[in-house]
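Read the structure below first, then the notes.
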Amino acid sequence: MNFYEKTIESEVKYKGRILSVRKDKVLLPDGKEATREIIQHNGGVGVVAITDEGKILLIKQFRKPTEEVLIEIPAGKLEFNEDPEACAIRELEEETGKIPKSIKLLTKFYPSPGYSSEILYIYFSDKLENGKVNLDEGEHVETFEVTWEEALNMIKTGEIKDAKTIIGILLAKDYI
1 MNFYEKTIES
11 EVKYKGRILS
21 VRKDKVLLPD
31 GKEATREIIQ
41 HNGGVGVVAI
51 TDEGKILLIK
61 QFRKPTEEVL
71 IEIPAGKLEF
81 NEDPEACAIR
91 ELEEETGKIP
101 KSIKLLTKFY
111 PSPGYSSEIL
121 YIYFSDKLEN
131 GKVNLDEGEH
141 VETFEVTWEE
151 ALNMIKTGEI
161 KDAKTIIGIL
171 LAKDYI
């Protein structure tokens, strides 16, 4: 079966610093037309970082869209055409002061493909050395460590609500 939707018309409705919003008119496989509202986003990365003591590095930070303090793995946005692995290494040091000696891609996924082009790359590192925290302007985070069992319990109880963090922690189980 053909699932492809051909773009007939595309209009950028908003262009911001980290995303743009587009309205597309598409031709469906059955010949009918439809409208799609699409958020264009460069994507991002997350890193499941394990300390020498076998603990997972997590961060707490306020997220304005949810109006909540969320618990997440260290993460950040990709710059246009930035290599995801380089971004993961940069973000880990910026947020935690740790530099991975080695890093492994666990997975990549689309968190909301029904309306967004955003793709997330999740990495794993258990060989860390000290670097220097260098938060982005306006970024306020608190770093802390938990065991894998504690992290799993935080997922089960809903204390960890962030999808990339849940996916990363669950996929890292085989490496911890």
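Numbering (the UniProt record's numbering) for the sequence shown: 1 to 176.
Cβ coordinates follow ideal geometry from the N, Cα and C atoms, glycine included.
Here the structure is a predicted model, which is why all the values come from computation and not from measurement.
Residue environment, residue i, which counts as buried when at least 16 other CB atoms sit within 10 Å
i      : result
ILE8   : exposed
ILE169 : buried
PRO100 : buried
GLY54  : exposed
ASP126 : buried
LEU28  : exposed
PHE62  : exposed
Residue interval of the alpha helix (DSSP H) (run including residue i)
i     : result
GLU91 : 84-96
Span of the beta strand (DSSP E), counted from its first residue to its last, around residue i
i      : result
SER125 : 120-125
TYR110 : First-last for TYR110: undefined, no H or E at that position.
LYS55  : Taken as a continuous stretch (DSSP letters only), LYS55 belongs to no beta strand (DSSP E), as it is neither H nor E.
GLY76  : 75-77
DSSP bridge partner residues for residue i (one or two, in chain order)
i      : result
PHE62  : VAL69
VAL26  : THR7 and ALA34
GLU129 : ILE99
GLY46  : ALA75 and ILE122
SER20  : LYS15 and GLN40
ALA116 : Here residue 116 is Ser; the residue named in the question, Ala, does not match the sequence. According to DSSP, SER116 bridges with ILE39.
Checklist entry - Are three or more beta carbon pairs between the stretch 39-51 and the stretch 81-94 nearer than 8 Å? => result yes
Next on the checklist: Give the list of continuous beta strand (DSSP E) stretches no shorter than 3 residues that lie fully inside the stretch 141-167.
Outcome noted: 142-146
Item to check | Meets three-Cβ-pair contact criterion under 8 Å: the stretch 102-116 and the stretch 141-153 | outcome: no
Next on the checklist: Closer than 8 Å is the cut-off here; do at least three beta carbon pairs connect the stretch 132-146 with the stretch 108-119?
Outcome noted: no
Checklist entry - Can at least three beta-carbon pairs, one atom from the stretch 57-72 and one from the stretch 151-162, be found at a separation below 8 Å? => result yes
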